[in-house]
Amino acid sequence: MQAATELFLRHGPDVTIRQIADRAGVSVGTVMGVADKDGLIVRVLDTVIADLPMPAPSVSPDATTAVMQQLTPFVEWFSNHVDLARAYLAVLVSGRQSSQVFESLAQRLISSIAAVLGDEPEAKVTAHLIHRAYLGELMIWAGSGDTSPTPTLENLRRSVRTSIGSSTLT
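Residue numbers are given in the UniProt record's numbering: position 82 of the sequence shown equals residue 82, and the series is strictly consecutive.
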């Protein structure tokens with residue numbers, strides 16, 4: 001997995017199974033025994049994403065800013081690894097591979113956002129809605145051809161502000 005991680009992060013999703021095998025000093029069959037290319041992309045990004053530091057929830061007078069502090073590092077990481085991020089999201093959307101880390105991260109983000117929003121009963125529901133907006137913005141960005149995170153972050157900020165404003169959590 002180390003060879004796959006190094007190559008994917010350096011060269012993106014166009015890395016071949018042969019290149020991974022050569023770097024690892026093993027046969028193509030050995031690599032394929034671990035996972036096919038889609039599976040390797042998911043495993044590599046799952047590990048990398050799981051290792052990204054989760055920002056501590058901040059108690060800010062501006063809940064939108066506090067929530068965006070939770071989401072921005074992930075959007076920025078994806079935008080710094082555009083082709084690999086798009087390949088990862090495409091594999092997940094295709095249903096060919098699943099990701100326990102993606103699900104785990106979802107729960108961590110939802111809990112973190114809810115903590116920012118407070119103890120009100122609607123906090124968890126609003127956090128879940130914001131997480132769905134985050135996923136939607138990532139998917140729209142992935143299909144847009146744009147490499148800049150700025151439009152995605154601006155759209156996400158509007159979604160967060162609207163979600164918070166439409167609940168009783170103001």
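C-beta: ideal position from N, C-alpha, C; glycine also.
{"Query": "Cβ-Cβ distance between Asp83 and Asp14 below 9 Å", "Result": "yes"}
{"Query": "Beta-carbon separation (whole angstroms), Thr126 vs Leu117, contact threshold 8 Å", "Result": "6 Å"}
{"Query": "Three-state class that DSSP yields for Pro13 in the structure shown", "Result": "coil"}
{"Query": "CA-to-CA distance, Val34 to Gln97, given in whole angstroms", "Result": "13 Å"}
{"Query": "Assigned exposure category for Thr170 - 16 Cβ within 10 Å defines buried", "Result": "With a pLDDT of only 44 at Thr170, under the threshold of 50, the placement of this residue in the model should not be trusted; the figure read from the coordinates follows. Per the 10 Å Cβ criterion, exposed."}
{"Query": "Three CB pairs or more closer than 8 Å across the region 146–163 and the region 65–74", "Result": "yes"}
{"Query": "The region 85–103 contacting the region 36–51, beta-carbon criterion three pairs below 8 Å", "Result": "yes"}
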